[in-house]
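**Q** Structure below; questions to follow.
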Amino acid sequence: MCGRFAQISRLKEVLEELARRLEQEEVNDNLTGRYNIAPQSMVKILRVNDQKVIVDNVHWGWKPFWAKDMQPPINARIEKVASSKFYSQIWPHRCLIPANGWYEWVKEGSSKQPYYIHLKTNKPMFFAGIGHFKENSDNNGFVIITADSQGGMIDIYDRRPVVLTPEYANEWIDSNTTLTRAEKIINDHYRKPKDFDWYKVSEAVGNVRNQGKELIKPIDSE
1 MCGRFAQISR
11 LKEVLEELAR
21 RLEQEEVNDN
31 LTGRYNIAPQ
41 SMVKILRVND
51 QKVIVDNVHW
61 GWKPFWAKDM
71 QPPINARIEK
81 VASSKFYSQI
91 WPHRCLIPAN
101 GWYEWVKEGS
111 SKQPYYIHLK
121 TNKPMFFAGI
131 GHFKENSDNN
141 GFVIITADSQ
151 GGMIDIYDRR
161 PVVLTPEYAN
171 EWIDSNTTLT
181 RAEKIINDHY
191 RKPKDFDWYK
201 VSEAVGNVRN
211 QGKELIKPID
221 SE
């Protein structure tokens, strides 16, 4: 699953990857500069309003109003997201979560070793997400869509976020994209394991209070 990630790049760099402009005339150019984003926190996401990209600060995690006795999920499985009753309310409402990388923990001996996963190009990436984005709503939130690791990443049994290229990221959030086409995008056009590199990082990332850039430093370089 995708349970921690880093959102570091300046907003200008992120938008250049998308070749898009913001609807807001003025916005802080630093997206967040966060190295250890955890579930149930507020996160900067990108979505489209009237064919223009806007930045929202949204809760990571969402559940329908009737699912009262559970913690809001943070991820949605690609195999079920388009057909699940649970996500039917938000499936039409797509977003992108800009990221520079994410963390996965792999069992090694008696402990779990964290790894940092990033694009080989070191450019910003775009997680496919869906969410509830209503003004003055108490139920706003988003989930990251995840796919099988295809046996090609760190843990062959784990899942990973659906990462889209800029071309398909733009199409994903385009309001003219049909639900049928959106489903095809996330199933057929996400980045494959060969696009990524990963390395071991400090166990300090396990503490959500740690937020420094040292969290993405390879421990083998010490």
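Heads up, the sequence shown is in full-length UniProt numbering, so the first residue is 1 and it goes up one at a time.
Ideal placement from N, C-alpha and C gives every residue a C-beta, glycine not left out.
Bear in mind that the values here come from a model prediction, so they are computed numbers and not experimental data.
(1) Expressed to the nearest angstrom, what Euclidean distance is found between the alpha-carbon atoms of Glu26 and Ala99?
(2) Name the DSSP bridge partner or partners of Thr146?
(3) Can you give the beta carbon distance from Pro124 to Ala19, rounded, assuming they're within the 8 Å contact cut?
(4) Taking the continuous alpha helix (DSSP H) assigned at Lys184, which residues delimit it?
(5) Whole angstroms is fine: what's the gap from Gly101's alpha carbon to Leu119's?
(6) By the DSSP assignment, the alpha helix (DSSP H) with Tyr168 in it spans what residues?
(7) Please determine, among Ile37, Asn140, Ile117, Lys184, the residue with the shortest C-alpha to C-alpha distance to Pro218.
(8) Between Ile173 and the rest of its own chain, which residues show a CB-CB distance below 8 Å, the 5 nearest in sequence each way excluded?
(9) Go ahead and pull the three-state DSSP assignment for Gly141.
(10) Can you find the residues in the same chain that come closer than 7 Å, C-beta to C-beta, to Ala169, ignoring five residues on each side of it along the sequence?
(11) In this structure, how does DSSP classify Pro98 when only helix, strand and coil are distinguished?
(12) Measuring CA to CA, which of Trp60, Lys12, Ala76, Glu16 is closest to Thr146?
(13) Among His59, Gln51, Leu11, Arg34, which has the Cα closest to the Cα of Ser137?
(14) DSSP has Ala128 in a bridge; who is on the other side?
**A** On the basis of the data shown:
(1) As a first step, residue 26 is located in the sequence shown; it is residue number 26 there, counting from the start. As a first step, residue 99 is located in the sequence shown; it is residue number 99 there, counting from the start. Note that Glu26 scores 45 on pLDDT, short of 50, meaning its location in the model is unreliable; the coordinates nonetheless yield the value given after this. Rounded to the nearest angstrom, the two C-alpha atoms are 21 Å apart.
(2) In the sequence shown, the residue the question calls residue 146 occupies position 146. According to DSSP, which records beta bridges pairwise, Thr146 is partnered with Arg77, Pro161.
(3) Indexing the sequence shown from 1 puts residue 124 at position 124. Indexing the sequence shown from 1 puts residue 19 at position 19. With 8 Å as the limit, Pro124 and Ala19 do not qualify as a contact, their Cβ atoms being about 13 Å apart.
(4) As a position in the sequence shown, residue 184 is number 184, starting the count at 1. Note, Lys184: alpha helix (DSSP H), 179 to 188.
(5) Position 101 of the sequence shown, counting from 1, holds the residue named residue 101. Position 119 of the sequence shown, counting from 1, holds the residue named residue 119. Approximately 7 Å, taken between the alpha carbons.
(6) Counting from one through the sequence shown, the residue named residue 168 turns up at place 168. It spans 166 to 173 - the alpha helix (DSSP H) in which Tyr168 sits, taken as one unbroken run.
(7) Locating residue 218 in the sequence shown gives position 218, counting from the first residue. That would be Ile117, whose Cα lies nearest to the Cα of Pro218.
(8) To locate residue 173, count along the sequence shown from 1; it is residue 173. So the qualifying residues of the chain are Leu46, Arg47, Val48, Val53, Arg94, Cys95, Leu96.
(9) Residue 141 sits at position 141 when you count from the first residue of the sequence shown. Correct three-state label for Gly141: strand.
(10) If you number the sequence shown from 1, residue 169 lands on position 169. Answer for Ala169: Leu18, Leu96, Phe126, listed in chain order.
(11) Along the sequence shown, one-based indexing puts residue 98 at 98. Three-state DSSP puts Pro98 in a strand.
(12) For the purposes of this step, residue 146 is taken as residue 146 along the sequence shown, with counting starting at 1. Taking only the C-alpha atoms, the option nearest Thr146 is Ala76.
(13) In the sequence shown, the residue the question calls residue 137 occupies position 137. When only C-alpha atoms are compared, the closest one is His59.
(14) By 1-based counting over the sequence shown, the position of residue 128 is 128. Leu96, per the DSSP bridge assignment.
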